[in-house]
Each structure stands twice: as structure tokens, then as C-alpha cells.
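**Student:** Residue numbers (this note's numbering), protein chains in the order written: chain V, -4 to 466; chain Z, 53 to 95.
1) In angstroms with no decimal places, state the Cα-to-Cα distance between residue 29 of chain V and residue 395 of chain V.
2) Roughly how many angstroms lie between the CA atoms of residue 429 of chain V and residue 423 of chain V, to the nearest whole one?
3) Which value, in whole angstroms, describes the spacing of the CA atoms of residue 460 of chain V and residue 359 of chain V?
4) At a Cβ threshold of 9 Å, is residue 308 of chain V touching chain Z?
5) In terms of residues, what are the limits of the beta strand (DSSP E) holding residue 112 of chain V?
6) Mapping the DSSP letters down to three states, classify residue 305 of chain V as helix, strand or coil.
7) Taking the alpha-carbon positions, what's the residue 133 of chain V to residue 98 of chain V distance?
8) If we define contact as Cβ-Cβ less than 9 Å, is residue 433 of chain V a contact residue for chain Z?
9) Measure from the alpha carbon of residue 237 of chain V to the alpha carbon of each residue in V/258, V/260, V/318, V/275, then state which is nearest.
10) Along chain Z, in chain order, which residues have C-beta atoms closer than 9 Å to that of residue 6 of chain V?
11) Need the endpoints of the alpha helix (DSSP H) that residue 198 of chain V sits in, please.
12) Counting C-beta neighbours from all protein chains within 10 Å, is the total for residue 410 of chain V 16 or more, i.e. buried, or is it exposed?
13) Can you confirm whether residue 200 of chain V, when its beta carbon is compared against all beta carbons of chain Z, has any partner nearer than 9 Å?
14) Indicate whether residue 445 of chain V and residue 433 of chain V have their beta-carbon atoms separated by less than 9 Å.
15) Along the chain, where does the beta strand (DSSP E) containing residue 208 of chain V start, and where does it finish?
16) Do residue 36 of chain V and residue 383 of chain V have their C-beta atoms within less than 9 Å of each other?
17) Enumerate, from N- to C-terminal direction, the unbroken alpha helix (DSSP H) stretches of 4 or more residues contained entirely within the segment 399 to 444 of chain V.
18) Whole angstroms are fine: how far does the CA of residue 48 of chain V sit from the CA of residue 521 of chain V?
19) Taking the C-alpha atoms as reference points, what is the distance between residue 200 of chain V and residue 379 of chain V?
20) Determine the burial state of residue 249 of chain V: buried for a count of at least 16 other Cβ atoms within 10 Å of its Cβ, exposed for fewer.
21) How many whole angstroms separate the CB atoms of residue 113 of chain V and residue 102 of chain V, which I take to be in contact at a CB cut-off of 8 Å?
22) Apart from the five residues on each side of it in sequence, which residues of its chain come closer than 7 Å, Cβ to Cβ, to residue 88 of chain V?
23) Determine the direct distance from the alpha carbon of residue 320 of chain V to that of residue 329 of chain V, and round the result to whole angstroms.
24) Give a yes or no on contact between the segment 1 to 14 of chain V and the segment 201 to 221 of chain V, applying the rule of three or more CB pairs nearer than 8 Å.
25) Is the separation between the beta-carbon of residue 180 of chain V and that of residue 158 of chain V shorter than 9 Å?
26) Count the other C-beta atoms from every protein chain shown that fall within 10 angstroms of the C-beta of residue 164 of chain V, then say buried if there are 16 or more, exposed otherwise.
27) Got a sec, what are the start and stop residues for the alpha helix (DSSP H) residue 357 of chain V sits in?
28) Between Z/55, Z/91, Z/53, Z/76, which lies nearest to residue 152 of chain V when the distance is taken from Cα to Cα?
29) For chain Z, is any of its Cβ atoms less than 9 Å away from the one on residue 118 of chain V?
30) I'd like to know whether the C-beta of residue 203 of chain V is nearer than 9 Å to at least one C-beta of chain Z.
31) Could you give the first and the last residue of the continuous alpha helix (DSSP H) run that contains residue 42 of chain V?
32) Measure how close the beta-carbons of residue 21 of chain V and residue 84 of chain Z come, nearest whole angstrom, since I'm counting them as under 8 Å.
33) Kindly list, in the order they appear in chain Z, the residues whose Cβ is closer than 9 Å to that of residue 103 of chain V.
34) What does the alpha-carbon distance come out to for the pair residue 240 of chain V and residue 108 of chain V?
35) Output the boundary residues of the beta strand (DSSP E) element that contains residue 105 of chain V.
36) DSSP state of residue 19 of chain V, grouped into three classes?
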């Protein structure tokens, strides 16, 4: 799942359907898959990062928060990216030591319909990403945020924070300041539906662009998020009706507290019902009062409706962004093709599938019919056989620690060969009776490539039988 | 009198606070995070 062009299509579709203005933001950790990028990956990762920015420009993003992993290629690289982006990268607390001022734009104000919306960025702890030579510091938000919020509150109708701070900090910010929405990054891998903390909605989408979050907002001059008061009142009245009906069964002409006092268990039930009745009457009274007050314009609460849309492969693509993505892939493959290749060292421990064939002809024939035997060719057909991101799971003997060897593999190491599952077998080919490879791989080996991201339907017990004949 | 009222309206509309919305505004809020370099689905 995931996909920039599918995201772009959904944005356009919703805007056309609803005929409403749209505010589009990203909480950060946008550009890089991993916190550490090897020299071999740098060129391809740079192409991807620049392409993502081009796509976000095309989609009309209003702002992106600077989050720690966005600095995986260094602070200077990110500064260059920020300069070339049409949207601002926001961070109010990433400071230059030399100038004692923010390196990126701290905040911005955008016009959405008749609203002025203030957008603020706060960057989380970035010790692993900021080098000493960067001469930069992530300042504590408590020393930075108050002035910015005061300044923006006077000029705007609504405040949105893009934060890569930990969740407890975001909750504290929600309690202290009148910030209306916090989009958080780097906190969790799952969708978090907007969760009210005081007058702030804290939200996030799941990892790696697999979902987009869309809120249908009705923002009122009260600047207060409201509950659906009338629905709550109706529900409370229904519950009161049920409780009163249960209480009516105890009315036998005499005071139930008298005739139940010798039956403690039933007395307790009756007393609980009485307490519940009082509680519901108080709630109803409070809700009716609130509804009466809400009829004044200035007290009408703001409301929202949230949904998460999964970016499935089956969703349509927006043509302009799709073209950008195709160009990214083309450029990545061309870069991989022309990169100076590292000398292949894998032959010291790996023998390749051709060696296995000589003794295990039947199993080899069965394997040849499986997708594992065609994995590299799949990349060739998509012109991605030099894409380091894809190669790890489409060839033998490559992982994130030796990725620089992936561009120079002999034929017998292309495709997901025997040794991908049974382990490096050079020694086995030399002394077959003394050294035996693993007979059947455990699920953990399969799951290194058959992740949720690439194969969300994977079932080890079912799918192991498809690889080749299992004895 | 009419001139006075027109003048009053003009002054009020020029006040900074008048720039803020006094009526409801519906809009769509699209948000994402932690995209981490994902450009298209695999497979």
C-alpha cells in the first residue's frame, strides 16, 4: 500500500465532491525510509526525496513539519530541499547555534476560505541526526511556543501544530495552549483518530503513507470543539426511560427501601437504580442548559468528521503525480545502472542456485515454477532491476548491511534462490555430507521480505507449501 | 444620517478584528505523517 499518486487522486476527488476549500499538511518524517543511509544508497535516496517534494508541490501542500528522520541525509541537504519546495518546512525550535535563530520557518498563516489558519512546527529530539558540524540545536518547546501561540492567536481563527515531539509533550501542549489540531509524527505506526484533549484534537496516520487522514471540519467563531449535544440528550433520555421502567417494578404500594431491607442483594440493585436515575436527570438538565446556550451564535461549537482512507493498489492514480513517480523510478534505475559497482564478495559464502541444481534436480524444477525463481525478472520487466530498495527482496544474499553489492550480482544470485531460505551454502557444496543447510526456514526468515507492507496476506503455514515441495 | 451610517460601516469593516471570520467555515483538512520515502505501493 501507499502511493503519492493515489493520495493526490483522493485529495482531488474529495475536493470536487464536497466543493470545499482544503488545508493539506504533513507532520514530517517525509523523505527517508531509514535513519541511516549508506553511500551506495545516497544517489537513489536523493532522487526519491526530490521527487516527493515535487509531488507535494503538485498536490498543493500548505506545510510540512521538520521531523528528525528528515535530516537523515544531513541538515544541509534538508535546507536545500526546503529552499526548492513551494511549501514551507516548519520548525519553531530547530535553532542555528551561530545566529541563535530558527533554521527553518517557525510558523505560517494560510487562508482557507474565510479563515486564517496558523501553522506551527515543532521538531522532536534529533541527537542521532544533527552532527556537531551542523552547529544546530533542538530547543525545548516550552521556551519557544508561548510567544508564537500568543502572536498567532491574535491574528488567526485556528491554530494547527505539526509536531514530532513525543505524545506526552503533545498532550501537555494541548492542555496548556489553545491549539486546535496537532498532527503528530514519529509517535506510532498506527492511525490515531482525532482524540480530544481539552480543546485540541491530536491525530496521526499510520506508517509509510499507507493511509491519509481526512477531516470534514465545520469551524465556528466560538473556536471550540463541541460534542453532538442533542444526540447525547436523546440518548440520556432513552436511558432514563429504561431506568424508570425498571424502578416501576419495585413500586408495590410500600416504600421499596422498607421491604427490601431484609434482602440486601436486591436492595443494592434498587439503590444503584436510584443513583443512576439521579445521575441521568442531572446530565439531562445540564445538556438542556447547554443546548439553550448554544443557540447563541457565539457559543455554537465546531464539529468534525474524520476518516482514514487506505492507499490500496486498486485505487486510481492522479495523472500528473503518477508521471512524477514514474520519472522517479526511471531516474533511480538509470542511476543504479551507471553506479560504479562494488566487487562481488558473496561467492565466499554463497554458491548460487546453479550449484544446488546439480544434486537437487527435482526440487530445482519445482522451485523454477515459483515466483521466487522469477523475482529478479519481475524487476527487469518493471525496469527496476537497479533499484536498491527493491533488490534486497528479489535476489539472494543481500540485506541492508551489504546493499552496495546488489548491483553487481552474477546470474546465479539473481532471483530468490535456495540460499535465501536455506542459508548460505558454499560449505555444503564443498562437503555436502558434513555441512547441511537449514531444512525448512522458520517464519521469521520469510517475514523479512513478506512484510505487511509488501504482502499483507502472507500466511506462513499456507504459503510455505507454495515455494516448492515440502517433505 | 445615511452618510453617518455608511461611515460607521466603513470604519467597522476596516477594524482588524473584522478580518476574522464571524460565520462558520466548512473545510477539508487532509493530513499525513511518517511517509518515510514511500512513493508507490510495492507489487
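Virtual Cβ for every residue (Gly too), placed ideally from N, Cα, C.
**Tutor:** Inspection of the coordinates gives the following:
1) 10 Å
2) 7 Å
3) 15 Å
4) yes
5) 110 to 117
6) strand
7) 10 Å
8) no
9) V/275
10) 80, 82
11) No alpha helix (DSSP H) contains residue 198 of chain V, which is instead part of the beta strand (DSSP E) from 195 to 199.
12) buried
13) yes
14) no
15) 206 to 214
16) yes
17) 413 to 417, 421 to 425, 438 to 442
18) Beyond the ends of chain V as shown, which are -4 and 466, falls residue 521 of chain V; an answer cannot be given.
19) 29 Å
20) exposed
21) 6 Å
22) 117, 118, 133, 134, 136, 139
23) 14 Å
24) yes
25) yes
26) buried
27) 356 to 363
28) Z/76
29) no
30) yes
31) 34 to 54
32) 5 Å
33) Within chain Z, no residue comes near residue 103 of chain V; the closest Cβ sits about 16 Å away, beyond 9 Å.
34) 50 Å
35) 102 to 107
36) strand
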